[in-house]
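As you go down the protein sequences, you meet chains D and V in turn.
In this text, residue positions in the first sequence follow my numbering: the first is 1, and each later residue adds one.
In this text, residue positions in the second sequence follow my numbering: the first is 165, and each later residue adds one.
Virtual Cβ for every residue (Gly too), placed ideally from N, Cα, C.
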Amino acid sequence: MVLNLGFGSFQLENAAPQVFATVKDRPVTAAELDDAIEDPIDAREVFDLIRDINDPEHPLTLEQLKVVAEELVTVDPATRVIKVMFTPTIPHCSMATLIGLCIRVKLMRSLPREFKIDLMITPGKHDQERAINKQLQDKERVAAALENPNLLSVVNKCIAEPEY
Amino acid sequence: MRVEQVASLEGHSDPVWCCAWSSDGNTLATCGTDKSIRLWTEQDHEWVCGTILSDGHSRTIRRVSWSPCGNMLASCSFDGTVCVWTKKDGEFECSVTLEGHENEVKSAEFSPSGRYLATCSRDKTVWIWEQGGTDDFECVSVQSCHTQDVKCVRWHPNEDILASASYDNSINFYKDEGDDWACDFTATGHDSTVWSIAFDREGDKLVSGSDDQTLRMWKRYHAGNQAGISPSWKCISTIQGYHTRPVYDVSWCHLTGLIASGCGDNKLRIFAPDPEQQVDCHTADAPNFIQAASLDAHRQDVNCVKWNPTRAGILASAGDDEVVKLWKVFDYEIPI
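Here it is, written out as structure tokens:
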């Protein structure tokens, strides 16, 4: 199947991906429940927002496929820049742009708008790393892609909350 | 240099992508993700929105541009079309829709002579339209010199020369060669997307702003120049170390010579010729521009900056924070 949605074309290809164990939920501390204590956004919180994004071609989460990981997230509270790296399952994965777009949309919708999101492929983990990073970082092309109803519907499906 | 905010124009309900002054400097047009164009004028010392044009486009309006006479406004959209709005009985109406680009149209600009309208798109092409009569635009040339998404087109202030900036990191220059337009020079040097370009008053220099977090200044070498350089645009200086995110827009004031930039780090910056450099900045081979002001202008990315064409030192900026701001710059030195 080839999806051509104006933001690159995507082809399903990794038939049997390796599945990894997931981390436990973060325990809620008394300090976190206390509204008087400021609780800045940290890497774990950002990771929690994106770990359950569904892979476009498998009924698995990005965390289960090790596409995202807490150690690949950094938050600079001073500049309000959040840096997220993600690792495609295979180095020629044509889904990498779509996955990146899903991560960006989920973070754009969840975080206060003042945060800047730098999203990129983990260095050395994709053949088209530079081209994909450039496209995902181009806010004008991202904005245009999200006005494409077909692409938006695919993204919304991937970032929908899991059903329990 | 001192910079004061003189107005905050609120009304757009989504990011504002562009603001554009009419040539008399009295009206500011703004547009953005909310698919509307707002026209702002000053009444009793207050800037108010008297007109909202909201039925022209079905997706984000990326840029607006005025015709030199002020009776027409061109808007371009992610919906792939360009609307030309014409003033009739004091009201703007979308009098013609220009179709042809395959994807989002990123920029549309009237030439200073009013004869041409240039448009560019994610489809990698630049189109030049000639105005026949009222509501009559004919595409006279399609240029495909860029290899990627074309972000911005700007006309030379005095001649029918067009420049375009692209995701392919380059800037192209086009001129009319009689039977067709031709791309006669490609300027390379930026390391990433060139988001915006602006000519100086004479049109002998151009400044560009890029995703690589620099501004570059380019000088035009005419045929038969004394330095013996073939006709071209050469990079004569790089302004770096100031911007910490992509530079989304640049504006070169034709009254004061000041350069303004809008950046993804929420800052508006103003660059002025270095007073220590004892040269005429209009003729110098490599004028040295230094940062004269840096302001936390918006709460999010600054998408657009525009100097007022008739009121020296008045600057408009537009941001992702849905706000348009007007600034006044005091205490600057007018270059020689």
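Under the three-state reduction of DSSP, E323/V is assigned to coil, being neither helix nor strand. Going by C-alpha positions, A31/D is about 46 Å away from L379/V.
Residue-level contact by beta carbon holds for Q464/V and chain D, with a gap shorter than 8 Å. Note on N133/D: 16 or more other CB atoms within 10 angstroms of its CB, so buried under the neighbour-count rule.
In its chain, beyond the 5 residues on either side, M381 and A450 have a beta carbon closer than 6 Å to the beta carbon of S401/V. Residues of chain D whose Cβ lies closer than 9 Å to the Cβ of D313/V are, in chain order, D138, E140 and R141.
About 17 Å separates the beta carbon of W230/V from that of L173/V, a gap too long to meet the 8 Å contact definition.
I225/V carries a strand assignment under DSSP once its states are collapsed to helix, strand and coil. Counting C-beta pairs closer than 8 Å gives fewer than three between the stretch 141–149 of chain D and the stretch 112–125 of chain D, which falls short of the contact rule. Its chain contains V19, F20 and T22 as the residues whose beta carbon lies nearer than 7 Å to that of Q64/D, once the 5 sequence neighbours on both sides are disregarded; these appear in chain order. Along the stretch 273–320 of chain V, the alpha helix (DSSP H) does not occur as any fully enclosed run of 4 or more residues. Counting C-beta atoms within 10 angstroms of its own C-beta, Q441/V has fewer than 16 neighbours from the protein chains shown and is therefore classed as exposed. Where D48/D is concerned, the enclosing alpha helix (DSSP H) starts and stops at A43 to I50. Three or more beta-carbon pairs drawn from the stretch 250–264 of chain V and the stretch 217–236 of chain V are found closer than 8 Å, and the two stretches are therefore classed as touching. Annotation: the continuous beta strand (DSSP E) that includes P437/V extends over K431 to P437. Within the model, the alpha-carbon separation for G367/V versus C347/V is close to 17 Å.
According to DSSP, residue pairing for V105/D in a beta bridge does not occur. Proximity of chain D to T194/V at the Cβ level (cut-off 8 Å) is not reached, the minimal Cβ distance being about 17 Å. For A144/D, the nearest beta carbon of chain V is closer than 8 Å to its own beta carbon. In the DSSP assignment, A143/D falls within the unbroken alpha helix (DSSP H) covering K139 to A145. Against R26/D, chain V offers no close residue; the least beta-carbon distance is about 29 Å (beta-carbon pairs closer than 8 Å).
In the three-state scheme derived from DSSP, where H, G and I count as helix and E and B as strand, N150/D is classed as helix. Minimum Cα-Cα distance from S415/V among the listed residues A424/V, R409/V, T408/V and S222/V corresponds to A424/V. Ranking V493/V, V371/V, E273/V and C468/V by CA distance to the CA of G426/V puts C468/V first.
For a cut-off of 8 Å, the C-beta gap from I335/V to S372/V is around 6 Å, short enough to register as a contact. T224/V reaches chain D at A143, A144 and E147, counting residues in chain order whose Cβ is nearer than 8 Å.
The three-state reading of DSSP puts V68/D in coil, since its state is none of H, G, I, E or B. Per DSSP, A31/D is one residue of the alpha helix (DSSP H) stretching across A30 to L33. In the DSSP assignment, D76/D falls within the unbroken beta strand (DSSP E) covering V73 to D76. Taking 8 Å as the cut-off between beta carbons, the residues of the stretch 270–295 of chain V near chain D are K270 and R286, in sequence order. Taking a C-beta distance under 8 Å as the contact criterion, H462/V and G483/V qualify as a contact pair. Taking C-beta atoms under 8 Å as the contact rule, S271/V and R227/V qualify, at a distance of about 5 Å. Not one beta carbon of chain V lies nearer than 8 Å to the beta carbon of K83/D. Boundaries of the beta strand (DSSP E) around V411/V: V411 to W416. Chain order gives the chain V residues near R113/D as R463, Q464, D484 and D485, where near means a beta carbon separation below 9 Å.
Using a CB distance cut-off of 8 Å, K116/D counts as an interface residue toward chain V.
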